[in-house]
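In this text, residue positions in the sequence shown follow this note's numbering: the first is 464, and each later residue adds one. The beta carbon of each residue, even a glycine, is placed where N, CA and C say it ideally should be. Because the structure is a prediction, the values reported are computed rather than measured. One structure is given here, and the rest of the page talks about it.
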Amino acid sequence: LRATRDRLAASIEEARKSGVPEVELRPAERQRREMHSLIQDLRGLVRIYCRVRPLNARERRGGEEEVLSVAGGTSVEVVGCSSGPFAFDAVFPAEATQEQIFEEARDLAQSALDGHNVTVLTYGQTGTGKSYTMYGAPGDDGLAVRMVRDLFDRIGSRRISVTGSLVEMHNNRLVDLLDGPDRAHSRSALSLRRRDPDGDEVHIDGAVEWPLRSAAELLDLVKLGTSRRAVAAHALNSESSRSHAFLTVRVLSAVGGPAGTGVDSKILFCDLAGSERLKRSEVTGEHVKEAIDTNCSLSALGNVIEAIVHRQRHIPYRNHKLTQLLQDSLGGSAKALIFATCSPASGSAHETSMALKFVSRATRVANTFAGSAALEGPCTAAALPPLLLGHDWRPDVPSPPSRAPARARAEVYRYRPLLVV
464 LRATRDRLAA
474 SIEEARKSGV
484 PEVELRPAER
494 QRREMHSLIQ
504 DLRGLVRIYC
514 RVRPLNARER
524 RGGEEEVLSV
534 AGGTSVEVVG
544 CSSGPFAFDA
554 VFPAEATQEQ
564 IFEEARDLAQ
574 SALDGHNVTV
584 LTYGQTGTGK
594 SYTMYGAPGD
604 DGLAVRMVRD
614 LFDRIGSRRI
624 SVTGSLVEMH
634 NNRLVDLLDG
644 PDRAHSRSAL
654 SLRRRDPDGD
664 EVHIDGAVEW
674 PLRSAAELLD
684 LVKLGTSRRA
694 VAAHALNSES
704 SRSHAFLTVR
714 VLSAVGGPAG
724 TGVDSKILFC
734 DLAGSERLKR
744 SEVTGEHVKE
754 AIDTNCSLSA
764 LGNVIEAIVH
774 RQRHIPYRNH
784 KLTQLLQDSL
794 GGSAKALIFA
804 TCSPASGSAH
814 ETSMALKFVS
824 RATRVANTFA
834 GSAALEGPCT
844 AAALPPLLLG
854 HDWRPDVPSP
864 PSRAPARARA
874 EVYRYRPLLV
884 V
C-alpha cells in the first residue's frame with residue numbers, strides 16, 4: 464500500500480510540475496488521499512509509543528538502578544513490578560534519537576494537508592522528557608518542529624496558509640501564551656466554543672494566531688510561549704511545568720480537500736503536565752490545587768481514550784475542559800499519537816508503572832477488518848491480500864455517526880479495481 468501510494472504521489476507531483484491543471488488531477492489526488500488515510504487508519508485509531516530516557520545525574524549520584532527492560536522494540540517491563548509487560552506500537556530505548564521518533568509521525572503532515580486533524584500528546588511524570596520529545600533542544604529539534612518542517616516541504620509552492628498558536632491550561636483555565644508583553648499581562652481566561660453548533664470542531668476564542676512561513680518561525684513561537692508557561696519547583700524537578708500546553712498549527716487552503724473543496728485542519732501538539740502523585744511531588748500550598756486538577760484532567764483524558772478505542776456509544780468529552788478542547792482531535796477521522804515518556808530509575812518505578820498502565824488502556828483493542836472475503840484476527844499488513852498495481856483499498860461503507868451501535872460503526876473495506884493514470 465505504501466509503495467503504491469508513494470508512486471502515485473510522485474506521478475501527481477510530476478504532472479503538477481508539468482503544468483497539468485489541478486482540476487484534472489482531482490481523481491488521482493482523491494485516490495492518493497484515500498489510500499494514505501487508510502494506511503494511517505490501519506495502524507490504529509490511537510497509536511501509543513513509549514520512550515525511555517537515560518538515568519540523569521541526580522539518579523546516578525543517588526545510586527539508583529535501571530528497572531526498565533525493553534524487549535523486541537515493542538514491549539517494556541518494570542522489573543519487580545507485578546503488572547506488565549506492556550506492549551505498544553513501538554518502544555524507544557534511551558539511545559533513540561529525535562529522528563527515530565519523528566519517523567513514526569512522518570506521514571501525519573500529509574494527513575493534515577488532506578484535511579484530517581492530527582494530534583500528538585506527550586504523557587508522563589515530571590522530568591521524563593515530555594517537553595524534550597515535543598520541542599527538542601538547541602541543535603536537536605523535537606517532534607513538533609520536525610513535523611512542521613515536513614509540512615512546509617510538502618506544501619512547496621502551493622498557496623496554503625499556516626498559522627500557529629500556543630495556549631496553556633492552568634487550574635482549568637486557558638491562558639494565551641502569545642498575548643501581551645509577558646504572562647502577567649496575558650488574557651486571564653480564554654473560552655472554548657464550537658465553530659458549528661451541530662459539529663464537533665472546537666475553537667479557542669480570542670487566541671492569538673501567528674502566520675507561519677517556516678519551521679524556524681514556529682521555533683521562535685515556541686521559545687516565546689514556553690518562557691511564559693506556569694512552572695514551579697518540587698521534589699522531582701526545579702522547573703516543573705504546572706500546566707497542559709497546546710501548540711496548534713492550523714492549515715488553511717482554498718483547494719486540496721475532497722472533490723476540490725478547501726482544507727481547514729490542524730496539528731495539535733499537547734504537552735501534558737506531569738502525572739506524578741501528590742505525595743511524590745511533595746508540593747504544598749496553592750500547588751496542591753494544581754496537582755489535584757492535573758490528576759483530574761488526566762483521569763478524564765484516560766476515560767475518553769478508552770471509550771474511543773472500545774468504540775463506545777458515548778464518549779465523555781464533557782467531563783473536563785481538557786477533553787472538551789480535544790474533542791475534534793481525538794476520535795472520528797482524527798489521527799492521534801501518544802508518547803509515554805518514562806524514567807528508568809528504581810526510585811520512579813511506581814510512577815513509571817502507573818504511566819504505562821494509563822497509556823496501555825488505549826492499546827487493548829485493535830482495528831478489525833471486514834470485507835467481501837472474511838478475515839480473522841486483527842487487521843495487519845500481513846492479513847491483507849496481495850495488492851496489485853492499479854487496485855486500491857477504498858471504503859465502500861463509511862462509518863455511521865458515533866451514536867450508532869458498535870457493529871454498525873465498523874468500517875467495511877472491499878477490494879475493487881481502480882484505474883491509475
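Cβ-Cβ distance between S716 and H579 below 9 Å: As a working mapping, residue 716 is identified with position 253 in the sequence shown. As a working mapping, residue 579 is identified with position 116 in the sequence shown. Not in contact: S716 and H579 (Cβ atoms no closer than 9 Å).
For E529, the nearest candidate out of A825, M817, L819 and C805 (CA to CA): For the purposes of this step, residue 529 is identified with residue 66 of the sequence shown, where counting begins at 1. Closest option to E529, Cα to Cα, is C805.
Cut-off 6 Å between Cβ atoms - residues of its own chain near S594, not counting five sequence neighbours on either side: Within the sequence shown, residue 594 is the residue found at index 131, counting from 1. Only D734 meet the Cβ criterion.
Other residues of its chain near P556: CB distance less than 6 Å, five sequence neighbours each side excluded: Here residue 556 is taken as the residue at index 93 of the sequence shown, counted from 1. The residues are V515 and V533.
Per DSSP, cross-strand counterpart(s) of Y598: Numbered from its first residue, the sequence shown carries residue 598 at position 135. Note: Y598 is not bridge-paired with any residue in the DSSP secondary-structure output.
Residue closest to A607, alpha-carbon to alpha-carbon, out of E753, R468, A708 and V772: Mapped onto the sequence shown, residue 607 falls at position 144. Residue A708 is the option with its Cα nearest to A607.
Whole-angstrom distance between R636 and D756, CA atom to CA atom: If you number the sequence shown from 1, residue 756 lands on position 293. If you number the sequence shown from 1, residue 636 lands on position 173. Approximately 11 Å, taken between the alpha carbons.
Residue span of the beta strand (DSSP E) that contains F732, given as start and end: Taking the sequence shown and counting its residues from 1, one reaches residue 732 at position 269. Start and end: V726 to D734.
Nearest candidate by alpha-carbon position, reference R569, set G547, K798 and A812: Here residue 569 refers to the residue found at position 106 of the sequence shown. The shortest Cα separation from R569 among G547, K798 and A812 belongs to K798.
Check whether G599 and Q561 have beta carbons under 9 Å apart: By 1-based counting over the sequence shown, the position of residue 599 is 136. By 1-based counting over the sequence shown, the position of residue 561 is 98. Inclusion of G599 and Q561 in the CB contact set at 9 Å is warranted, their separation being smaller than that value.
Selection from A679, R510, H783 and A472 that minimises the alpha carbon distance to Q494: Against the sequence shown, residue 494 aligns to sequence position 31. With respect to the C-alpha of Q494, the residue from A679, R510, H783 and A472 having the closest C-alpha is A472.
Same chain, Cβ closer than 7 Å to A670, five either side skipped, listed in chain order: By 1-based counting over the sequence shown, the position of residue 670 is 207. Take A670, set aside five residues on each side of it, and the residues of its chain with a beta-carbon closer than 7 Å to its own are S628, V630, D639 and L653, in chain order.
Nearest candidate by alpha-carbon position, reference F549, set I511, Q573 and L518: Against the sequence shown, residue 549 aligns to sequence position 86. The residue with the shortest Cα to Cα distance from F549 is I511.
Three-state secondary structure (DSSP) of S690: As a working mapping, residue 690 is identified with position 227 in the sequence shown. Assignment of S690 by DSSP, reduced to helix, strand and coil, places it in the helix class.
Cut-off 7 Å between Cβ atoms - residues of its own chain near R656, not counting five sequence neighbours on either side: To locate residue 656, count along the sequence shown from 1; it is residue 193. If we look at R656 and ignore the five residues flanking it on each side, its Cβ neighbours are H666 and D668.
Helix, strand or coil at I511 according to DSSP, with G and I counted as helix: To locate residue 511, count along the sequence shown from 1; it is residue 48. Correct three-state label for I511: strand.
Helix, strand or coil at P779 according to DSSP, with G and I counted as helix: Sequence index remark: in the sequence shown, residue 779 carries index 316 (1-based). In the structure shown, P779 falls within a coil segment according to DSSP collapsed to helix, strand and coil.
Cα-Cα separation, E522 to S816: Taking the sequence shown and counting its residues from 1, one reaches residue 522 at position 59. Taking the sequence shown and counting its residues from 1, one reaches residue 816 at position 353. If I take the Cα positions, the gap works out to 18 Å.
Ordered list of beta strand (DSSP E) runs contained in the stretch 521-574, each at least 3 residues: The stretch 521-574 contains these whole beta strand (DSSP E) runs: 531-534, 538-541 and 553-555.
Contact check, A818 vs G587, beta carbons under 9 Å: Locating residue 818 in the sequence shown gives position 355, counting from the first residue. Locating residue 587 in the sequence shown gives position 124, counting from the first residue. Cβ distance < 9 Å, so A818 and G587 count as in contact.
Per-residue burial, D683 [other beta carbons within 10 Å of its own, 16 or more giving buried]: Residue 683 sits at position 220 when you count from the first residue of the sequence shown. Result: exposed.
For H633, the three-state DSSP class (helix, strand or coil): Sequence index remark: in the sequence shown, residue 633 carries index 170 (1-based). Correct three-state label for H633: strand.
8 Å contact criterion, which S728 and A572 should meet: CB distance rounded: For the purposes of this step, residue 728 is taken as residue 265 along the sequence shown, with counting starting at 1. For the purposes of this step, residue 572 is taken as residue 109 along the sequence shown, with counting starting at 1. The pair is not a contact, with the Cβ atoms about 11 Å apart (cut-off 8 Å).
Beta-bridge pairing of P674 - partner residues as DSSP gives them: The sequence position of residue 674 within the sequence shown is 211, counting from 1. Looking at the DSSP assignment, P674 forms a beta bridge with T626.
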